[in-house]
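Student: Using the working numbering, you'd call the opening residue of the sequence shown number 1 and step up by one each time.
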Amino acid sequence: MAVFKIITFGDPILREKAEPVRKITPHIHKLLDNMAETMYAAPGVGLAAPQIGVSKRVIVVDVGEGLVELINPEIVVAEGQEIGIEGCLSIPGVQGEVLRAARVVVKGLDRHGQMKEYKAQGLFARALQHEIDHLDGILFIDKVIRWVEDTQGRR
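1) With a CB to CB cut of under 8 Å and the five nearest residues on each side skipped, what residues in its chain are close to Ile-91?
2) Exposed or buried, Leu-47, counting other C-beta atoms within 10 Å across all chains shown (16 or more means buried)?
3) Could you check the C-alpha separation between Val-104 and Val-76 for me, to the nearest Å?
4) Count the other C-beta atoms from every protein chain shown that fall within 10 angstroms of the C-beta of Val-94, then say buried if there are 16 or more, exposed otherwise.
5) I'd like to know if the stretch 125-134 and the stretch 41-59 are in contact, where contact means that at least 3 CB-CB pairs between them fall below 8 Å.
6) So does the stretch 115-127 actually touch the stretch 54-72, counting three or more Cβ pairs closer than 8 Å?
7) Check whether the Cβ atoms of Glu-98 and Ile-59 lie closer than 9 Å to each other.
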């Protein structure tokens, strides 16, 4: 496994729609491993493949309840609304309040090609939505309703 450099704002790959994974191969397994290691080293709670320069529909998320790996994830149910503060490993030092669905159901494949479904709320729901947005070239800054200053007084 390896820790990759996280692509930052301004790189065009962050604005592209990622390609679906057609076949789960050892390369995809290695990608998942490297993404998890990179996310934990950052440290972050989620990472999408485009954030390490790979245009594939792959995400990893861990909000403290264990690692979730999803290939070709999609939101199948979104309910309610909730405003929360978000940041992004690809846009360091910037935070803002973002309106997201309060509860989601997300489905996607695991590393073994098995369909998984997650019913999520709170930080888990927010992280899943944030990372899936990355796969469509959408950044949290596109959805900010109010900027939040960081501990150094920067926006």
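Just so it is clear, CB atoms sit at the ideal spot from N, CA and C, and this is done for glycine as well.
Predicted model only: the values in this text are computed from it and were never measured.
Tutor: According to the structure data:
1) Residue numbering aside, residue 91 sits at position 91 when the sequence shown is read from its first letter. These residues qualify, in order along the chain: Thr-8, Phe-9, Leu-139, Phe-140 and Ile-141.
2) Locating residue 47 in the sequence shown gives position 47, where the first residue counts as 1. Buried.
3) Working through the sequence shown from its first residue, we reach residue 104 at position 104. Working through the sequence shown from its first residue, we reach residue 76 at position 76. Using only the alpha carbons, I get a separation of about 7 Å.
4) Numbered from its first residue, the sequence shown carries residue 94 at position 94. By the 10 Å Cβ count, Val-94 comes out buried.
5) They touch, by the three-pair rule.
6) Touching, per the Cβ criterion.
7) As a working note, residue 98 is residue 98 in the sequence shown. As a working note, residue 59 is residue 59 in the sequence shown. Sequence check: residue 98 is Val here, not Glu. At least 9 Å separates the beta-carbon of Val-98 from that of Ile-59.
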